[in-house]
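Here's the structure, in structure tokens; my notes come after.
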Amino acid sequence: MSGFSFGFSGEDIDVDEADASNYNGLEAPSTAQDVSSLPALVQAEVHDMRDWLSSLPSQISYSTIPIKRAEGDPLLLGRREIFDIRAQLMAEDSIDQDNATLIAHLEEGDITPNFYEGGFKTWECALDLAKLLADENQFQVSRSSDAERNSHVVELGSGTAMPSLALFAKKLSEPKTELSSHQGKTYLTFADYNAAVLRLVTLPNILLTWSACTSQPAATTSDNKDDDMLLDITPELVEAFQTDLAQRGIIINFISGAWSPAFVDLAFSPVAQSPMMTLVLASETIYSPASLQAFTDTLVELLRRSGTMEASTSKAYIAAKRVYFGVGGGVDEFLEVLKGSTGGELAVSEKVDIKSEGVGRVILEISSK
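Here it is as structure tokens:
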């Protein structure tokens, strides 16, 4: 299986600089690039959350994105600010760890295939998917079988991880009084091509969302922007975070690197012996014809491993623009590749159809027939 990575050659929407509820999609310009000139693909690698927690700065500047629900209060998803990420990259810059190029990409918004894949930003289809998941009953507390009690969420190209964070926030909203020794486990696998994105953005956003949802008292207002807040990262906070996740049966895994058979093996290694429902999430990942086959192969293999081909409760949600002008990919192209890879054995439906002033957007649901 060939490697897959984001391949926009220009900027798409960046909701880090706009109100999350009022973003407008932009077309991505096309710039051809000789594949032979690209850096070698990074091999898939799993990372221990405990190692990364110890590398967090003493404070994180952040804002919250409210995700409205049909019922109940909005979900508050934490998002680390770009300038705060830049500050840590600059502080860590050294001969052994040259961050200058990453910092340049962070400031200019450029994406370089096989090097930096856009994970520092929040892309609009990720918020579409987060809004859907905020109202979906994916994980009830009480289920009838082991396979239903145990859940595995795999987010491909997670970046700021808004879709998975919506599910995470919902899980945190369950009263602890409903938790028991017989509860199922919830595995959250965050995958991004860049390990730096997982360490500097995804993990902090998980911690920030946990803090917002569990009413941790350490948040203060920052002087940088009126809407920014600061979270003090103390040993006590980190310990409380890990303890709470363990008590709730939430297990977090991180995988960096390119899509490959090794990537799929790593995604299922923590859960190989446990029957469970698997939910695969992806947003803005079907824009480029060059990467459609690799992405589709990875998606299909994840669903096969979870038993979806045998009519299990597992499924995938793919959020995307209908057409990526100037790039060549889109929903129709993806569906054609998917049909060729599976022989039509998977059911595909449009879960959400978003008509906007610009390019239409959609969320596809893929499951067994």
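102 is the number that full-length UniProt numbering gives to position 102 of the sequence shown; each next residue is one higher, with no gaps. Yeah, the Cβ is synthetic: ideal placement off N, Cα and C, and Gly gets one too.
DSSP state of T122 mapped onto helix, strand, coil: Within the sequence shown, numbered from 1, the residue matching residue 122 stands at position 122. Coil.
Is N194 buried or exposed, if buried means 16 or more other CB atoms sit within 10 Å of its CB? Here the question's residue 194 lines up with position 194 in the sequence shown. Result: buried.
Use the C-beta contact count for A104: other C-beta atoms within 10 angstroms, 16 or more gives buried, fewer gives exposed. Mapped onto the sequence shown, residue 104 falls at position 104. It is exposed - the Cβ of A104 has fewer than 16 other Cβ atoms within 10 Å.
Could you work out which residue in V359, G343, T296 is closest to G326 when comparing CA atoms only? The residue given as residue 326 occupies position 326 in the sequence shown. Of V359, G343, T296, the residue nearest in Cα terms is V359.
What are the boundary residues of the beta strand (DSSP E) that includes K321? Counting from one through the sequence shown, the residue named residue 321 turns up at place 321. First-last of the beta strand (DSSP E) with K321: 315 to 321.
Three-state secondary structure assigned by DSSP to E155: Here residue 155 corresponds to residue number 155 of the sequence shown, with the count starting at 1. Of the three classes helix, strand and coil, the one that applies to E155 here is strand, per DSSP.
Using a threshold of 8 angstroms, state whether the C-beta atoms of A262 and V42 are closer than that. Position 262 of the sequence shown, counted from the start, is the residue given in the question as residue 262. Position 42 of the sequence shown, counted from the start, is the residue given in the question as residue 42. No; because the gap between Cβ atoms is not below 8 angstroms, this pair is not in contact.
Comparing alpha-carbon positions, which option in Q242, A282, M277 lies nearest F334? For the purposes of this step, residue 334 is identified with residue 334 of the sequence shown, where counting begins at 1. Nearest option by C-alpha distance: A282.
What residue does the beta strand (DSSP E) around Q59 start on, and which one ends it? Sequence index remark: in the sequence shown, residue 59 carries index 59 (1-based). Residues 59 to 67.
For S142, collect the residues of the same chain with a Cβ closer than 7 angstroms to its Cβ; drop the 5 residues on either side in sequence, then sort them by chain order. One-based indexing of the sequence shown puts residue 142 at position 142. Legend: pLDDT at S142 = 40, less than 50; position of this residue unreliable, value from coordinates given subsequently. Same-chain partners within the cutoff: there are none.
I'd like to check one pair, A191 with L156: are the Cβ atoms closer than 8 angstroms? For the purposes of this step, residue 156 is taken as residue 156 along the sequence shown, with counting starting at 1. For the purposes of this step, residue 191 is taken as residue 191 along the sequence shown, with counting starting at 1. Taking 8 angstroms as the Cβ cut-off, L156 and A191 qualify as a contacting pair.
V201 beta carbon less than 8 angstroms from that of G72: Here residue 72 refers to the residue found at position 72 of the sequence shown. Here residue 201 refers to the residue found at position 201 of the sequence shown. No, these two residues do not count as a Cβ contact at 8 angstroms.
Tell me the DSSP bridge mates of I366? To locate residue 366, count along the sequence shown from 1; it is residue 366. A316, V348, per the DSSP bridge assignment.
Use the C-beta contact count for Q247: other C-beta atoms within 10 angstroms, 16 or more gives buried, fewer gives exposed. Within the sequence shown, residue 247 is the residue found at index 247, counting from 1. By the neighbour-count rule (16 or more Cβ atoms within 10 Å), Q247 is not buried but exposed.
Span separating the alpha-carbon of V362 from that of Y324: Position 362 of the sequence shown, counting from 1, holds the residue named residue 362. Position 324 of the sequence shown, counting from 1, holds the residue named residue 324. Cα to Cα, V362 sits roughly 12 angstroms from Y324.
Which residue comes first and which comes last in the alpha helix (DSSP H) that contains D186? Residue 186 sits at position 186 when you count from the first residue of the sequence shown. One point to set straight first is that residue 186 is Thr, not Asp, in the sequence displayed. For T186, there is no enclosing alpha helix (DSSP H); the residue is found in the beta strand (DSSP E) stretching over 186 to 192.
Would G340 and Y287 qualify as a contact pair, given that the criterion is a beta-carbon distance under 8 angstroms? Numbered from its first residue, the sequence shown carries residue 340 at position 340. Numbered from its first residue, the sequence shown carries residue 287 at position 287. For G340 and Y287, no; Cβs fall outside 8 angstroms.
According to the neighbour-count rule (16 or more other Cβ atoms, all chains shown, within 10 Å of its Cβ), is V161 buried or exposed? Here residue 161 corresponds to residue number 161 of the sequence shown, with the count starting at 1. In the sequence as presented, Val is not what sits at residue 161; that position holds Ala. Buried: at least 16 other Cβ atoms inside 10 Å.
So, A133 versus A166, is the Cβ gap smaller than 8 angstroms? Numbered from 1 along the sequence shown, position 133 holds the residue referred to as residue 133. Numbered from 1 along the sequence shown, position 166 holds the residue referred to as residue 166. Residue 133 is actually Leu in this sequence, not Ala. Yes.
Residues that DSSP places opposite M277 in a beta bridge: Position 277 of the sequence shown, counted from the start, is the residue given in the question as residue 277. According to DSSP, M277 bridges with S151.
Buried or exposed: A196, going by 16 or more other Cβ atoms within 10 Å of its Cβ? By 1-based counting over the sequence shown, the position of residue 196 is 196. It counts as buried.
Going by the CB atoms, is the gap between I354 and A316 shorter than 8 angstroms? Here residue 316 corresponds to residue number 316 of the sequence shown, with the count starting at 1. Here residue 354 corresponds to residue number 354 of the sequence shown, with the count starting at 1. No, the pair does not count as a contact, with Cβ atoms beyond the cut-off.
With DSSP as the reference, please indicate the residues paired to S256 in a beta bridge. Position 256 of the sequence shown, counted from the start, is the residue given in the question as residue 256. S256 pairs with E45, D192.
Verify whether the separation of the beta carbon atoms of E350 and A320 is less than 8 angstroms. Within the sequence shown, the letter at position 350 stands for residue 350. Within the sequence shown, the letter at position 320 stands for residue 320. No; because the gap between Cβ atoms is not below 8 angstroms, this pair is not in contact.
Which residues in the same chain as T313 place their Cβ atom closer than 6 angstroms to its Cβ, once the five residues preceding and following it in sequence are excluded? The residue given as residue 313 occupies position 313 in the sequence shown. The answer, listed in chain order, is M277.
Helix, strand or coil at I206 according to DSSP, with G and I counted as helix: In the sequence shown, the residue the question calls residue 206 occupies position 206. Helix.
Just to confirm, is the Cβ distance from L303 to V280 under 8 angstroms? Locating residue 303 in the sequence shown gives position 303, where the first residue counts as 1. Locating residue 280 in the sequence shown gives position 280, where the first residue counts as 1. Taking 8 angstroms as the Cβ cut-off, L303 and V280 qualify as a contacting pair.
Can you give me the Cβ contacts of F254 inside the same chain, cut-off strictly under 6 angstroms, excluding the 5 residues immediately before and after it? By one-based count along the sequence shown, residue 254 stands at place 254. H47, F190, L198, listed in sequence order.
I103 in three-state terms, based on DSSP: The residue labelled residue 103 in the question sits at position 103 within the sequence shown. In this structure, I103 counts as helix in the three-state DSSP scheme.
Would you kindly work out how many angstroms separate the C-alpha atoms of R305 and V153, rounded to a whole number? Within the sequence shown, residue 305 is the residue found at index 305, counting from 1. Within the sequence shown, residue 153 is the residue found at index 153, counting from 1. In a straight line, the C-alpha of R305 is about 13 angstroms away from that of V153.
Under the criterion of a Cβ to heavy atom distance below 7 angstroms, does P57 qualify as lining the ligand COA? As for the ligand COA, it is missing from this structure, which has no ligand bound.
Provide the residue(s) that pair with I250 in DSSP beta bridges, ordered along the chain. On the sequence shown, residue 250 is found 250 positions in, with the first residue counted as 1. Paired residues: T186.
Can you tell me which of the three DSSP states S269 falls into? On the sequence shown, residue 269 is found 269 positions in, with the first residue counted as 1. Correct three-state label for S269: helix.
Express the C-alpha separation of F115 and P39 in angstroms, rounding to a whole number. In the sequence shown, counting from the first residue as 1, residue 39 sits at position 39. In the sequence shown, counting from the first residue as 1, residue 115 sits at position 115. Their backbone Cα atoms lie some 7 angstroms apart in a straight line.
Inter-residue spacing [alpha-carbon to alpha-carbon] between V331 and R69: Locating residue 331 in the sequence shown gives position 331, counting from the first residue. Locating residue 69 in the sequence shown gives position 69, counting from the first residue. Roughly 27 angstroms between the two C-alpha positions.
Note down the Cα distance separating L77 from A212, rounded to an integer number of angstroms. If you number the sequence shown from 1, residue 77 lands on position 77. If you number the sequence shown from 1, residue 212 lands on position 212. Going from the Cα of L77 to the Cα of A212 covers about 8 angstroms.
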